[in-house]
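Only one structure is covered here, and it is reproduced in the block below.
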Amino acid sequence: MKLSATHTTYIGKHLHLQTTRAANAGYYMIYAEANVGATADPIFSVNGVGATTTKGALSVGAGAAITGALTVSGATTLSTTLAVTDASTLTGVLNANGGATVSGLLDASGATTLRSTLAVTGATTLGDTVTVTGVLSANGGATVSGLLDASGATTLRSTLVVTGASTLTGITTASSGLTVSTGGIVVTDGDVKINANTATSTVSTGALVVGGGIGVGGSIRIAATSYAVSHLSSSDRRLKTAIQDLTASGSVLEKLRPVAYEWRRDEFPSRQFRAGTFAGFLADELEQVLPTAVADDGDGFLSVDYAAVVPHIVQAMQELRKEVDALRARVRQLEYGDKLVN
């Protein structure tokens with residue numbers, strides 16, 4: 005179809021062209037009917053103010069340049085690449101099946117939901133809350149200058165570097181290890197549990213290995229054997245009151261029953277008792293004589309502070325020494341009589 009400049013109107017089977025009237029709103033310059041004689045809106049039209057409307061599919065094979073506004077009121081699907089070189093506002097849903105590349109600023113003023121993988125190859129700044137319901141993978145590293153809130157389980161398969169304060173309210177699992185170089189770890193509430201059951205045979209093996217000293221403000225309870233080079237107990241005079249000399253320790257020791265015994269290892273495997281025959285006291289019997297030498301271990305069983313028996317042994321030995329010295333003096337007196345006087 006070709007029209008000369010003298011033609012004012014052409015009506016084909018589906019295409020209408022008007023050139024005589026001035027352009028204004030509501031006036032179609034070019035339009036195509038859905039059916040001949042139909043009164044419904046055209047399937048394609050260019051009106052007097054330049055707006056273009058298509059009721060069906062619009063296919064542009066060689067590309068399209070739009071210098072003004074492009075308004076899409078319904079859902080729009082791009083099956084290939086969309087390149088936006090200037091500012092663009094999307095008020096509805098943007099669904100990019102083939103991927104989306106943003107070379108400038110991507111500003112999401114509302115909530116943004118990623119239902120699949122988000123890959124970021126360059127620097128990205130997130131100024132608002134980002135919710136990821138799937139997997140968030142940062143291959144090149146991620147820097148968070150504000151709050152990172154992980155309400156569920158978080159798995160770190162590589163190194164995590166934290167330069168500032170960090171709060172973990174859930175469970176954090178680092179499959180390749182967790183190293184804190186400076187600052188330390190502070191637990192203000194809750195418990196710290198190590199579920200590994202690695203056995204220890206040296207100071208550098210076991211489920212928990214500490215290279216330096218350990219400061220503990222409360223009690224330590226050990227279900228198995230404790231090994232140490234030495235053990236010191238607080239005993240400064242300035243920490244004590246109501247100090248008195250021990251008396252009658254000999255009668256105390258007479259009431260004690262030293263026994264030989266073996267541990268019931270098969271019935272209490274978690275306590276890791278050593279095999280063999282040992283010497284000691286029965287806690288329930290010792291409690292009747294020296295109550296302060298016996299305590300409950302927290303599991304309903306009694307424990308003995310053997311160091312509490314030592315002062316009574318020393319005092320009894322001192323009493324025996326005095327008695328022995330007195331007996332020796334008497335024997336000498338009986339053997340030598342007046343010779344000792346002269």
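Residue numbering for the sequence shown is 5 to 346, as defined by the numbering used here. For every residue, glycine included, the Cβ atom is placed at its ideal position computed from N, Cα and C. All values reported here derive from a predicted model rather than from experimental measurement.
Annotated as proximal: Ser237 and Ala311, with beta-carbon spacing under 8 Å.
If you draw a straight line from the Cα of Val190 to the Cα of Ser253, it comes to about 48 Å.
Apart from the 5 residues on each side of it in sequence, Thr202 sits with its Cβ closer than 8 Å to the Cβ of Thr209, Gly210, Ala211 in its chain, given in chain order. Boundaries of the alpha helix (DSSP H) harbouring Ala330: 314 to 340, taken from the DSSP string. Beta-bridge partners of Tyr265 (DSSP): Phe282.
A residue is called buried once 16 or more other Cβ atoms fall within 10 Å of its Cβ, and Val313 is buried on that count. Using a C-beta cut-off of 8 Å, the region 264 to 278 makes no contact with the region 319 to 339, since fewer than three inter-stretch Cβ pairs fall below that distance. Under DSSP, Thr202 shares a beta bridge with no residue. For Leu257, same chain residues with a beta-carbon under 8 Å away, outside a window of 5 residues either side, are His316, Ile317, Ala320 in chain order. In terms of Cα proximity to Ala200, the closest of Val213, Asp193, Gly188 is Val213. Nearest to Asp249 by alpha-carbon distance, out of Gln337, Gln322, Arg268, is Gln322. Taking C-beta atoms as the reference points, Ala227 and Ser274 count as a pair closer than 8 Å. Gln276 and Thr116 have their C-alpha atoms roughly 55 Å apart. Your pair Leu306 and Glu291 checks out as a contact, with CB atoms roughly 7 Å apart and the cut at 8 Å. In the DSSP assignment, Ala299 forms a beta bridge with Ser307. For Gly217, no alpha helix (DSSP H) run applies, since DSSP gives it neither H nor E. Judged by beta-carbon spacing, Ala283 lies beyond the 8 Å limit of Arg269, meaning their Cβ atoms are not closer than that value. For the pair Glu327 and Ser234, the Cα-to-Cα distance works out to about 34 Å. Around the beta-carbon of Ala232, fewer than 16 other beta-carbon atoms lie within 10 Å, marking it exposed.
Between the alpha carbons of Ala287 and Val308 lies a gap of roughly 6 Å.
Contact annotation, Arg225 with Gly302: C-beta distance approximately 6 Å; criterion of less than 8 Å satisfied. Ala252: not part of any alpha helix (DSSP H); DSSP gives it neither H nor E. In the three-state scheme derived from DSSP, where H, G and I count as helix and E and B as strand, Ser274 is classed as helix. Here the C-alpha atom of Gly181 lies approximately 15 Å from the C-alpha atom of Gly188.
Only residues of its own chain outside the window of five on either side were considered, and among them Val256, Lys259, Leu260 have a CB closer than 7 Å to the CB of Val293, listed in chain order. Around the beta carbon of Phe285, 16 or more other beta carbons sit within 10 angstroms, so the residue counts as buried. For Ala287, the enclosing alpha helix (DSSP H) stretches over residues 287 to 293.
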